[in-house]
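Numbering (our numbering), first residue to last: 2 to 541.
Ideal Cβ placement from N, Cα and C applies to all residues, glycine included.
Beneath this line is the structure, given in structure tokens, with notes to follow.
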């Protein structure tokens with residue numbers, strides 16, 4: 002029996018279910034899923050469609066490809082009619098003429114419009130062709146009372162179809178079509194956000210933007226346990242895998258599959274030793290035939306099509322190695338900041354990077370490791386002995402794993418104090434709040450006189466004071482009240498009051514924390530800062 006590849010994402014499925022229910026009740030809310038490539042956006046849509054069954058709603062799913070407008074027109078009409086007829090007793094064929102003929106007796110006015118559209122689609126492009134296509138959904142609603150849900154997967158590629166006034170026409174449809182819902186996805190996050198904020202930002206018919214992100218720590222652990230249910234994987238290796246992939250489902254899946262094959266070949270009890278683990282990463286990332294090595298090599302080749310690849314890979318490599326501020330890069334490669342920033346802006350536009358205050362970060366965590374451990378070595382090496390190069394790769398992975406495991410043995414407060422010592426007055430953004438990373442002259446442990454918050458940190462700079470507390474369990478309203486009383490003991494003005502939890506914050510505690518101007522961080526917040534300083538993540 003094949004195992005179900007889809008995992009988690011229940012929140013996203015619930016949103017889709019809620020929005021489709023709202024559409025039937027007269028409240029239409031369009032949705033945009035944006036996220037990195039292979040993060041699971043399409044899987045969410047297809048999972049929902051596979052289990053969705055409502056005769057009053059017609060799903061129109063199109064994976065957008067850079068084909069001709071004529072081909073897109075026929076595909077749109079074909080998918081619309083196929084799904085309109087899906088619940089009839091007709092044995093359907095994937096033939097547009099057949100579908101038009103069968104649907105005509107049910108929706109004659111819509112078919113008349115379809116024939117009119119098809120008569121001009123292959124000739125000189127009609128300026129309103131795209132709008133006419135979208136209004137077929139409204140026509141069906143008028144004839145049958147059925148609602149359409151139009152899904153454009155990687156919607157930004159519509160720009161390549163040569164549609165005249167694409168977003169202006171689409172905006173008209175969004176404003177006028179009250180009975181049609183749009184769901185769009187995009188892996189081009191930077192571009193998609195600009196389109197949604199500038200071209201498709203409307204008073205009525207706007208999009209709810211949902212970012213599809215990597216799995217959190219708990220979900221990553223559950224994913225690994227499900228995938229490797231028949232394999233013995235040491236807890237430290239499991240945590241290192243979560244750290245290495247950053248919880249990205251594509252990489253978790255690829256590496257898990259490879260580990261399963263390795264365990265079945267090498268051991269009788271399906272256990273994965275440390276050597277199996279590094280050998281697996283070598284096969285995927287280092288070997289020329291490795292799936293991930295080919296993926297990243299192809300990515301750089303695409304980057305090379307229109308740019309001087311040397312400058313850009315140099316910048317990417319430096320960021321992957323921890324030199325992720327403009328001033329650091331300019332100093333190392335002896336270029337003006339203006340020149341570096343120009344290159345950074347291009348890398349931001351193609352979603353190779355994201356910016357957080359004064360820091361830049363490579364979006365794809367595993368690609369970052371590949372640049373650091375494989376690509377740079379391949380370009381710079383003077384030694385073409387493959388065995389020696391493999392050993393260098395393995396040694397680097399081993400060093401990374403040892404550093405991670407050594408840090409895993411430290412307490413959360415110890416890791417946090419080490420982080421605070423790295424601050425050099427940089428600006429960052431956490432949970433949409435701007436934070437200045439004050440350089441401290443004193444950082445030391447702090448015992449707290451609270452029932453559930455015992456361990457803390459106090460950090461002093463010349464003109465400010467940070468007080469931090471730690472809790473493994475859920476933060477409650479009582480915890481916030483007690484922490485507030487502790488902070489009031491200090492005469493120096495407390496600039497930052499922070500409670501860090503490895504669990505979560507209940508609703509009342511969250512509201513109380515906002516009232517008292519206390520920041521509540523989870524491990525994801527802490528790991529965001531550790532990433533910016535190129536330090537191992539905290540995985541509990």
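Alpha-carbon to alpha-carbon, residue 29 and residue 2:
With a pLDDT of 36 at residue 2, under the threshold of 50, the modelled position of this residue cannot be trusted; read the value that follows with caution. In a straight line, the C-alpha of residue 2 is about 40 Å away from that of residue 29.
Neighbour-count burial assignment, residue 230, 16 or more Cβ in a 10 Å radius
Exposed, since its Cβ has fewer than 16 Cβ neighbours within 10 Å.
Cβ-Cβ distance between residue 36 and residue 188 below 8 Å
Yes; because the gap between Cβ atoms is below 8 Å, this pair is in contact.
Considering only the alpha carbon of each residue, which of 208, 496, 477 and 415 lies closest to residue 464?
Checked all of 208, 496, 477 and 415; the closest Cα to residue 464 is 496.
Taking the beta strand (DSSP E) that residue 362 belongs to, which residues open and close that run?
Residues 360 to 363.
Taking the DSSP output, what are the residues bridged to residue 179?
Note: residue 179 sits in no beta bridge, so no partner.
Within 8 Å, do at least three Cβ pairs link the region 362 to 372 to the region 201 to 209?
No: the two stretches stay apart, fewer than three of their Cβ pairs being nearer than 8 Å.
Cβ pair residue 433, residue 426 closer than 8 Å:
Taking 8 Å as the cut-off, the beta carbon of residue 433 is found no closer than this to the beta carbon of residue 426.
For residue 255 versus residue 293, is the C-beta distance shorter than 8 Å?
Contact flag set, yes.
Contacts around residue 180, its chain only, beta-carbon distance under 8 Å, and the 5 residues preceding and following it disregarded
Excluding sequence positions up to five before and after residue 180, its CB lies within less than 8 Å of the CB of 24, 29, 138, 139, 142, 148 and 149, all in the same chain and listed in chain order.
Buried versus exposed call for residue 19 [16 or more other C-beta atoms within 10 Å across all chains shown]:
By the 10 Å Cβ count, residue 19 comes out exposed.
Taking only the alpha-carbon atoms, compute the straight-line gap between residue 523 and residue 421 and give it to the nearest angstrom.
Straight through space, the alpha carbons of residue 421 and residue 523 are spaced by roughly 16 Å.
Those residues which DSSP pairs with residue 171 across a bridge:
Looking at the DSSP assignment, residue 171 forms no beta bridge with any residue, so it has no partner.
Is the Cβ-Cβ distance between residue 353 and residue 317 less than 8 Å?
Result yes, Cβ atoms of residue 353 and residue 317 sit closer than 8 Å.
Span of the beta strand (DSSP E) holding residue 447?
Start and end: 443 to 448.
Cα-Cα separation between residue 42 and residue 191, rounded to whole angstroms
For residue 42 and residue 191, the distance between alpha carbons rounds to 16 Å.
Cα-Cα, which of 338, 161, 93 and 178 is closest to residue 31?
Checking every option, the nearest Cα to that of residue 31 belongs to 178.
What's the call for residue 52, buried or exposed, on a 16-neighbour Cβ count within 10 Å?
With fewer than 16 Cβ atoms within 10 Å of its Cβ, residue 52 is classed as exposed.
Option nearest residue 103 by Cα separation, candidates 511, 122, 519 and 85:
Per the Cα distances, 85.
Beta-carbon proximity check, residue 154 vs residue 64, cutoff 8 Å
Yes.
Go through the region 388 to 474 residue by residue and report every complete run of the beta strand (DSSP E) that reaches 3 residues or more, in order.
Fully enclosed beta strand (DSSP E) runs of 3 or longer: 427 to 431, 434 to 438, 443 to 448, 456 to 461 and 466 to 472.
Alpha carbons only, please: which of 509, 473 and 211 is nearest the one belonging to residue 455?
Minimum Cα-Cα distance from residue 455 among the listed residues 509, 473 and 211 corresponds to 473.
How far does the beta strand (DSSP E) with residue 354 in it reach, from first residue to last?
Per DSSP, residue 354 belongs to the beta strand (DSSP E) from 354 to 357.
With DSSP as the reference, label residue 154 as helix, strand or coil.
Here DSSP, grouped into helix, strand and coil, assigns residue 154 to strand.
For residue 26, is the classification buried or exposed, using 16 other Cβ atoms within 10 angstroms of its Cβ as the cut-off for buried?
By the Cβ-count criterion, residue 26 is exposed, with fewer than 16 other Cβ atoms from all chains shown falling within 10 Å of its own Cβ.
Coarse secondary structure for residue 231, derived from DSSP in three states:
In this structure, residue 231 counts as coil in the three-state DSSP scheme.
With 16 as the cutoff for other CB atoms within 10 Å, does residue 430 come out buried or exposed?
Residue 430 should be labelled exposed.
For residue 521, which residues does DSSP report across the bridge?
500.
From which residue to which residue does the alpha helix (DSSP H) around residue 370 run?
Here the alpha helix (DSSP H) through residue 370 covers 366 to 371.
Coarse secondary structure for residue 337, derived from DSSP in three states
DSSP places residue 337 in coil when its eight states are reduced to three.
Less than 7 Å between the CB of residue 297 and some heavy atom of the ligand MG, yes or no?
The model on display carries no ligand, and the ligand MG is accordingly not part of it.
What does DSSP give as the partner residues of residue 64 in its beta bridges?
Beta-bridge pairing links residue 64 to 154.
Cutoff 7 Å; reference residue 402; Cβ partners in own chain excluding five residues on either side:
Only residues of its own chain outside the window of five on either side were considered, and among them 241 have a CB closer than 7 Å to the CB of residue 402, listed in chain order.
Relative to the C-alpha of residue 388, which residue among 280, 492, 457 and 335 is closest?
Residue 280 is the option with its Cα nearest to residue 388.
Locate the alpha helix (DSSP H) running through residue 209, then write down its first and last residues.
Where residue 209 is concerned, there is no enclosing alpha helix (DSSP H), although the beta strand (DSSP E) around it starts and stops at 208 to 212.
DSSP-derived helix/strand/coil call for residue 34:
Three-state DSSP puts residue 34 in a strand.
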